[in-house]
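First comes the structure, then the notes that go with it.
Residue numbers (my numbering), protein chains in the order written: chain C, 17 to 424; chain E, 17 to 424.
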């Protein structure tokens, strides 16, 4: 039986395994976590709108009924032996493969300034989101204890105006203006400042200019201060300094800038780009090893963005190529089908880019909502997330507003 | 204006504040956390059936519309100056009071063996519950990686057969037999052993004997091994040793035994019982200080158990006595009204004791469910918790089955 090992159960790995469900193979899935994470909604956990488990689904449950999944192993891959065709696990064991799919994704990058991580938490894992939530909620609590320092405590800086930064900035202003209103006695949460700092000259840089302009207008309409063309030169415990010399005193600085591919890429002995991504062949295998595929954020394919739909398509594609090999058919090169992009800004605010149709505002938000609920894995999560959203929309409340672990 | 300071927003403190809602007082509420915790359902978070925020509700939201709540302060009380009538906060500030309500509750106690805490986590805070959940779920994952050690890894020992211990043991066997079934390939989760160890001669010692017998029968019917009359002499990383000499090798040991009152009791300069509870006057004030009240698990009132309904009644009672003082009426002594006890054992299994009516089984479970949903604060939580339960009941799944933070 052909042995397939899949490393990582994000969008890429998960879809590779699913597409192989009727193939005559024996699959082993390895992930550091026991759950698949719906990363596009991570910012909603960070801003107390959703619970961690609303966007996380046990990997075992996904493959409960798939008989050719021989094992789901919660462990970390520490090395890959391409010669012996073996994956080495942190726990000491190893897995042999005939085909290997590496889908270990990416994390955030501080562009060499890892010392900033302490002051400006990023958002890639569920723990990141819970940490960010704690940080944000605790800032309001501390301001209530020290109203004299409220200005600094209620200033929030988001660095990077890609989709995540825009989402975070929008959600922060909504928390301050709506969710927290009438609940504080010594401070006025609606006086909070939210600043969105972006190095390029517009928000949502990968989007068409007209949508960047629309997003900016929508953000400013909510009260977000948008600073474009500003690089950050320093981040410390009290705020940020911009390259232009401007100093912003802020107790909360959130990082939504660079991305760094998983360090597993370096174990493959092939060339990587500056972000650590693997330069793959047209069929998504690595040079010299047609039995090893790289998919998702770890793969560098010209013209393909690091988004969930791309990872899903890549995962499915390598599965089809494995089946083609087994059935003696020729492999196909990967072609990305761009089905459109959606970025949400806040309650009833978003931008949509379907190429032939571009629009912003309420209907873009409805489209965003529909797509994200649809793609959430598992009926239960989909239904509860929808209820949570409906409830939040009607009441302006945020249900997951708890601070776990003491802030000091 | 009369200044009332309430320390702790559990069932006691929360109900004291609510009962004062129309009184001519100015209230300040201090709690280490920003949320009220519905402790009776903590074991459901520990066993992955509910999300942390399903049973936690922001204190600020509770008092959003109560105008005489002058402040909700998230901080820790480090000292109480009875002479100056001041409460000292960890953050450096202090609060003056005319009336003080101390409702800081209790935590678990290892009877002087605090070194056991590391190997046998207890269950009092939301962090405890998340830690316990991680421990339980990680044991199944590790067994899948090391099937040769599955016997030890899938042995769960619960120490203490009070309501919490019984609930945990019942939930653990349900996870193993139902929730995890068909999801593992190398181990059979349903072969897991759950042992419930109790020092006295029966489970649920505070209940009538017939209900203890019913509970034991229901537990054993589910597959739990019940060991009564067995004291624990040692707990270590590999399992527990009983005083009888029996050794149980188990990767997971959970602590549901002793209770220790909050250390704030010791700051009141009055006599405490062995569990650290304050010996209060009949009106729940402390000897020599009629302006200081102690309610909930921190108060020792003969004949009153440490349960949520008792704390609720005490909180309301001291509020009424404060109002009586203000209006020049005489204070009333506290009288506990026992409305009955309910303990759940598992899916469709429980015992109910209403004094005049005692029964076990499905209808006791329905009564338990109704009462707990009713008392959950906030419509939203009540509704979502109900949905979660309904879903779990139909599917045997557990929605919050995620392991956050890596187990090593």
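Using N, Cα and C, we set each Cβ at its ideal position, and we do this for glycine too.
Under the rule that 16 or more other beta-carbon atoms within 10 Å means buried, what is residue i, buried or exposed?
i                      : result
residue 164 of chain C : exposed
residue 422 of chain C : Residue placement at residue 422 of chain C cannot be trusted, given a pLDDT of 46 that sits under 50; what the coordinates show is reported in the next sentence. Burial call: exposed.
residue 250 of chain C : exposed
residue 20 of chain C  : buried
residue 23 of chain C  : buried
residue 47 of chain E  : buried
residue 132 of chain C : buried
residue 289 of chain E : exposed
residue 196 of chain C : buried
residue 200 of chain E : buried
residue 261 of chain C : exposed
residue 390 of chain C : exposed
residue 312 of chain C : buried
residue 372 of chain C : exposed
residue 125 of chain C : buried
residue 330 of chain E : buried
residue 28 of chain E  : buried
residue 357 of chain E : buried
residue 355 of chain C : exposed
For residue i versus residue j, is the C-beta spacing smaller than 8 Å?
i                      : j                      : result
residue 253 of chain C : residue 182 of chain C : no
residue 26 of chain E  : residue 109 of chain E : no
residue 352 of chain E : residue 320 of chain E : yes
residue 277 of chain E : residue 171 of chain E : no
residue 213 of chain C : residue 173 of chain C : yes
residue 64 of chain C  : residue 417 of chain C : yes
residue 186 of chain E : residue 235 of chain E : yes
residue 223 of chain E : residue 367 of chain E : yes
residue 248 of chain E : residue 146 of chain E : no
residue 363 of chain C : residue 377 of chain C : no
residue 217 of chain E : residue 255 of chain E : no
residue 78 of chain E  : residue 30 of chain E  : yes
residue 303 of chain E : residue 317 of chain E : no
Out of curiosity, what's the CA-to-CA distance linking residue i and residue j?
i                      : j                      : result
residue 194 of chain E : residue 310 of chain C : 36 Å
residue 99 of chain C  : residue 308 of chain C : 11 Å
residue 424 of chain E : residue 263 of chain C : Because the pLDDT of residue 424 of chain E is 36, which lies under 50, any placement of that residue in the model is unreliable, and the number read from its coordinates should be weighed accordingly. Approximately 40 Å, taken between the alpha carbons.
residue 221 of chain C : residue 58 of chain C  : 21 Å
residue 69 of chain E  : residue 67 of chain C  : 7 Å
residue 134 of chain C : residue 259 of chain C : 20 Å
residue 17 of chain E  : residue 297 of chain E : 26 Å
residue 420 of chain E : residue 158 of chain E : 15 Å
residue 204 of chain E : residue 161 of chain E : 13 Å
residue 323 of chain C : residue 54 of chain E  : 39 Å
residue 268 of chain C : residue 154 of chain E : 33 Å
residue 179 of chain C : residue 382 of chain C : 17 Å
residue 333 of chain E : residue 150 of chain E : 39 Å
residue 143 of chain E : residue 137 of chain E : 11 Å
residue 56 of chain C  : residue 279 of chain C : 22 Å
residue 81 of chain C  : residue 335 of chain C : 18 Å
residue 32 of chain E  : residue 325 of chain E : 13 Å
residue 34 of chain C  : residue 369 of chain C : 29 Å
residue 291 of chain C : residue 140 of chain C : 15 Å
Tell me, to the nearest whole angstrom, how far the beta carbon of residue i is from that of residue j; I am working on the premise that it is less than 8 Å.
i                      : j                      : result
residue 52 of chain E  : residue 89 of chain E  : 14 Å between Cβ atoms; not a contact.
residue 114 of chain C : residue 105 of chain C : Their Cβ separation, rounded to whole angstroms, is 18 Å, which puts residue 114 of chain C and residue 105 of chain C out of contact at 8 Å.
residue 379 of chain E : residue 300 of chain E : That pair is no contact at about 35 Å.
residue 175 of chain C : residue 327 of chain C : Actually they do not touch by this definition, with Cβ atoms about 25 Å apart.
As a quick exercise: from the options, pick the residue whose alpha carbon is nearest that of residue i.
i                      : options                       : result
residue 192 of chain C : C:176, C:340, C:239 and C:331 : C:239
residue 284 of chain E : E:340, E:97 and E:365         : E:97
residue 85 of chain C  : C:124, C:38 and C:119         : C:38
residue 404 of chain C : C:286, C:385 and C:28         : C:385
residue 36 of chain E  : E:371, E:177, E:117 and E:50  : E:117
residue 282 of chain C : C:314, C:257, C:272 and C:269 : C:314
residue 270 of chain E : E:326, E:211 and E:302        : E:211
residue 242 of chain C : C:184, C:347 and C:79         : C:184
residue 49 of chain C  : C:328, C:56, C:73 and C:31    : C:73
residue 188 of chain E : E:156, E:219 and E:166        : E:156
residue 233 of chain E : E:202, E:42, E:361 and E:392  : E:361
Any heavy atom of the ligand PLP closer than 7 Å to the CB of residue i?
i                      : result
residue 122 of chain C : Absence of the ligand PLP from the depicted structure is noted, as is the absence of any ligand whatsoever, leaving it without description.
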